[in-house]
Structure formats: C-alpha cells, structure tokens
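Participant: So the sequence shown is numbered by my numbering: it starts at 3 and just counts up by one.
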Amino acid sequence: MEQNLYIKNKKAYFEYHILDKYTAGIKLLGTEIKSIREGKANVNDAFCTFIDNQLYVRNLHIAEYSMGSFYNHEAKRDRILLLNKKELKKLQTRGEEKGLTIVPLALFISDRGFAKLEIGLAQGKKTFDKRETLKERDTKVEMDRAMKR
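(1) Drop a sphere of 10 angstroms on the beta-carbon of Glu4, count the other beta-carbons inside from all chains shown, and report buried for 16 or more, exposed for fewer.
(2) In whole angstroms, what separates the C-alpha of Met145 from that of Arg133?
(3) I need the boundaries of the beta strand (DSSP E) containing Asp22, first residue and last residue.
(4) Quick one: residues in its chain with C-beta nearer than 7 angstroms to the C-beta of Lys13, no 5 flanking neighbours on either side, listed in chain order?
(5) Reducing DSSP to helix, strand and coil, say where Met3 ends up.
(6) Give the straight-line distance between the Cα atoms of Ala108 and Thr135, rounded to the nearest whole angstrom.
(7) Which partner residues does Ala65 have in the DSSP bridge list?
(8) What is the rounded straight-line gap between the Cα of Lys29 and the Cα of Leu83?
(9) Is it right to say Gly101 is buried, meaning 16 or more other beta carbons lie within 10 angstroms of its own, or is it exposed?
(10) Suppose the cutoff is 7 angstroms on Cβ atoms and the five residues either side in sequence are ignored; what does the same chain contact list for Tyr8 look like?
(11) Going residue by residue through the region 83 to 128, where are the continuous beta strand (DSSP E) segments of at least 3 residues, counting only ones entirely within it?
(12) I need the boundaries of the beta strand (DSSP E) containing Lys10, first residue and last residue.
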C-alpha cells in the first residue's frame, strides 16, 4: 500500500507558532476513509476542542464518497481524536493556558492504512511575525531563482 497521501494545513503554519506536535488517530465511518483515500478532504478551517474530556476535531471537511448510497456521511461532522490518556491530559492542561490552541496540521494515511491527523499545540502569531514570514519566503524564492541561472 504505497500511497503518499498528505493533506497539509498551510494556513496553520502561517497563522501560528507550532510548539508541540502529536499524531492522533481519527474515529471515522467507512465512507469517510474511502473519501480520504481519494484525497477529498480539507483541513484548512478545522480546529480541535475538548468536549467531556475527549478531544474532537471540528470543521474537518471530508467530501461525501461518490460511490456511497444512503450510507454516506455528513461532510463536516465532529470526529473524535484518539490519543493516549497521558497525551490528552497534557494537551488539555496546556490548551487552557492563555494564548495556546490546538490546531490540525496535516491529514495522512499511515503505513498500516489508518487515517491519522497531525495536531499541534500552537500560539498565535502577531501581524509583524506574519510579515516576517512572508519576507523570508520571498527571499527564499529569489535565492532559488538566482541559483537556477
């Protein structure tokens, strides 16, 4: 099973400083995993929140499976993230600190064929940090162009 499916949340890297990264499993329905394997998922607007001591991902858009019938899933339903109790406690205590949030960074298929979500404990960037990121990106592109010549 050599699928290199990696759906990245580029917006998260621009908006936040990533402090810690975790890999979490997702509790999915059958049509959802089939749709993810086709690459029909969007992580950009998603965010993570705790409900009754369980970590949920909200606004993760997984398009309806094209071959599914009345068994199809809802596109933007809340999905449970699967982590160890120790990791959940750590994320819950750190997530309650002022200015920290939990954001999904990437959605991918593991070697064993399971869908995994890479989440990160993040701190929001200020506007001057965002401008600095844009400047660094522009200089990198210019250097790459100069190296090609």
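Beta carbons are placed, not taken as given, at the ideal position from N, Cα and C, and that holds for glycine.
Facilitator: This is what the structure gives:
(1) Note that Glu4 scores a pLDDT of 45, beneath 50, so its modelled location is shaky and nothing firm can be said.
(2) 18 angstroms
(3) 18 to 28
(4) Asn46
(5) For Met3, the predicted structure reports a pLDDT of 41, less than 50, and the residue's modelled location is therefore unreliable. A value from the coordinates is still provided. DSSP places Met3 in coil when its eight states are reduced to three.
(6) 20 angstroms
(7) According to DSSP, which records beta bridges pairwise, Ala65 is partnered with nothing at all.
(8) 6 angstroms
(9) exposed
(10) Ala108, Phe110
(11) 102 to 111, 117 to 126
(12) 8 to 10
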